[in-house]
Amino acid sequence: MKMEVHGRACSSETAQSEEEMDLRRGPWTVEEDLVLMNYINSHGEGRWNSLARCAGLRRTGKSCRLRWLNYLRPDVRRGNITPEEQLLILELHSRWGNRWSKIAQHLPGRTDNEIKNYWRTRVQKHAKQLQCDVNSKQFKDVMRYLWMPRLLERIRAAAGNSPTAAPNLAECGTLAGGDPTVGFGGGAEEDKGGDGIQGDVAMEMAGGGWPEGAPSPGGYAYQGLPELEQCWGLGGETSENWWNMEDIWHLL
DNA sequence: AAAAATTACAACCGCAGAGGG
DNA sequence: ACCCTCTGCGGTTGTAATTTT
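Quick note on my numbering: the first sequence kicks off at 60 and runs consecutively.
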């Protein structure tokens with residue numbers, strides 16, 4: 060990363076020590092948001108510590124950066140996580156674990172913070188309900204063989220019914236038989252480390268070609284699980300008692 | 001209607017790595 | 001080679017909003 064700490068001095072820099080005395084914390088005000096947005100619009104982002112001083116914000120550079128990246132940036136997407144995004148998050152997390160920023164790179168407009176929050180509030184909650192660790196094989200199997208096929212089914216249904224759903228589906232790459240360079244298809248942007256998304260899982264999910272030795276989801280996942288839909292916001296009303304441990308484990 | 005519990009999200013903290021002096 | 005500053009990341013906490021009792 061490029062450092063230009065001394066590259067662009069500002070007149071208020073000499074007052075740094077005094078300002079450090081009463082740095083603001085906590086929620087940002089509308090006025091602060093405006094100041095930050097205006098400053099970044101005219102000067103660009105980066106060099107957050109000096110930016111904070113020059114903009115006259117009594118905030119740390121870190122705080123300014125976080126506010127901009129997670130909230131004020133124009134391309135930040137707000138609102139519910141779509142089934143496509145849920146599917147991507149589940150898949151990417153199974154590959155990369157808690158590498159939120161990396162996962163976020165594959166969900167345009169979503170921040171690592173948002174994805175992390177989603178994971179903690181939704182996914183981990185249900186792992187807790189199942190009384191298993193979110194990183195356990197059992198829970199991963201549930202994700203892979205129950206939730207993900209179900210999500211895919213919903214995505215496909217939406218794509219069939221609504222023309223506007225198609226572009227979102229395409230983001231899932233080979234899942235939808237779309238551009239293999241995007242999303243699940245792996246592509247030019249994959250890591251050198253070889254932990255990129257490979258086609259196998261995507262094809263399993265897309266084509267129903269389940270891995271050898273894996274429990275067939277056909278008789279279960281596709282019979283319809285309204286509880287799952289409710290749980291993941293795919294269906295109508297929500298329900299907390301959305302599944303039963305025994306029902307699930309005897310099928311796995 | 002009010003209190004308690006839960007959920008969702010924004011923000012902070014500590015750390016590691018990069019780069020300049 | 002070492003120190004300092006800055007950035008970015010992941011973990012955690014605080015709190016407003018919502019739901020349940």
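Quick reminder that beta carbons are idealized off the backbone N, C-alpha and C, glycines included. Predicted model, so just to flag it, every value in this text is computed and none were measured.
Coarse secondary structure for tryptophan 107, derived from DSSP in three states: DSSP, reduced to helix, strand and coil, places tryptophan 107 within a helical segment of the structure shown.
Local conformation of tryptophan 87 per DSSP, three classes: Residue state, collapsed to three classes: coil.
Environment of serine 122 [buried if 16+ CB atoms lie within 10 Å]: So serine 122 ends up on the buried side.
Spatially closest choice to glycine 115 from Glu212, Arg137, Asn97 and Tyr204, by CA coordinates: Answer by Cα proximity: Asn97.
Counted within 10 angstroms of its Cβ, other Cβ atoms place alanine 280 as buried (16 or more) or exposed: Legend: pLDDT at alanine 280 = 33, less than 50; position of this residue unreliable, value from coordinates given subsequently. With 16 or more other CB atoms across the displayed protein chains lying within 10 angstroms of its CB, alanine 280 is buried.
Identity of the residue in Ile174, Glu173 and Asp200 nearest alanine 186 by Cα: The candidate whose alpha carbon is nearest that of alanine 186 is Asp200.
Cβ pair count under 8 angstroms reaching 3, the stretch 198-215 against the stretch 141-154: Three or more beta-carbon pairs separated by less than 8 angstroms link the stretch 198-215 to the stretch 141-154, which places the two stretches in contact.
Top-ranked residue by Cα proximity to glycine 168, from Met202, Trp127, Trp155 and Arg179: Minimum Cα-Cα distance from glycine 168 among the listed residues Met202, Trp127, Trp155 and Arg179 corresponds to Trp127.
Sequence-distant residues of its chain with Cβ nearer than 7 angstroms to asparagine 22 (five each side left out): Past the edges of the chain, shown from 60 to 311, lies residue 22, and the structure says nothing about it.
As assigned by DSSP and simplified to three states, the class of isoleucine 162: It is helical.
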